[in-house]
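Contents: one structure, followed by commentary.
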Amino acid sequence: AMHLSEELPLQNLFLIEPAALLSVNEEDLLQRSQTYLQLADAVMSNPHADEPYLAFLDVVSPARKRHTDADKLAISRLKQRGSGLAEGVRAAGLSLSENARHYVYWRTDIPGCSVVGGLTAECVHQRHQQLGKDSADWHYSVAPAADHSLIYTRPRIIARAMNEAAGHI
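Sequential numbering of the sequence shown, starting at 15, is according to our numbering.
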């Protein structure tokens, strides 16, 4: 969405914890890139084992409440499309590697908002706060008690944030 916003005449832009805006530090993005590429390789080389999927959950959702049943369910769902997960994670890793500097300084003139989970790492919150300061009509919103799975666990909060941002636009 961020790259498309630079090429297309969009009226609004809404970002829900995008992988590209993880930190204000380029080195953090490059390290995460390597982690994503390793995770993708682990899933592709051992798609039936639980470990690569649990490692993925630990990276994208380290502050989650670890419940054996919840993790088993998440792993089961991720395994259903293991190669798709691996390719998506690989694409995110390559994009971070190729565009880290761009992502650290990215800002937009397009009105919109970003929503970040309250349990998400502080460096992500710092990056989105910076985006709000650097962009003309940008709103930063936090989904309390949520992590990277907020799209599934907090859809109403996301919808409210989008509606509020759209009301200001």
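The beta carbon of each residue, even a glycine, is placed where N, CA and C say it ideally should be.
Where Leu-18 is concerned, the enclosing alpha helix (DSSP H) starts and stops at 16-21.
Listed as beta-bridge partners of Cys-127 by DSSP are Phe-28, His-153. Annotated as proximal: Val-118 and Asn-39, with beta-carbon spacing under 8 Å. Excluding five sequence positions before and after Asp-148, the CB atoms of its chain that fall closer than 6 Å to its own CB belong to Arg-121, given in chain order. Measuring C-alpha to C-alpha distances from Glu-178 to each of Gly-131, Ala-159, Ser-155, Asp-83 identifies Ser-155 as the nearest. Shown here, Arg-95 sits in coil according to DSSP, grouped into three states, outside any helix or strand. The stretch 22-32 and the stretch 77-91 do not touch, with fewer than three beta-carbon pairs separated by less than 8 Å. Each residue's CA atom was taken as its position, placing Asp-64 and Gly-131 some 25 Å apart. Contact check for Ala-54 and Leu-110: beta-carbon distance about 12 Å, past the 8 Å limit, so the pair fails to qualify. DSSP places Pro-158 in the coil class of the three-state scheme, outside both helix and strand. When the Cα atoms are used, His-142 and Leu-108 turn out to be separated by approximately 21 Å. In the three-state reduction of the DSSP assignment, Gly-132 falls in the coil class, being assigned neither a helical nor a strand state.
A distance of 8 Å or more separates the beta carbons of Cys-127 and Leu-36. Shortest Cα-Cα distance from Ala-157 to any of Arg-80, Ala-150, Ala-175, Val-74 involves Ala-175. In this structure, the beta-carbon distance from Ile-165 to Ile-172 falls below 8 Å.
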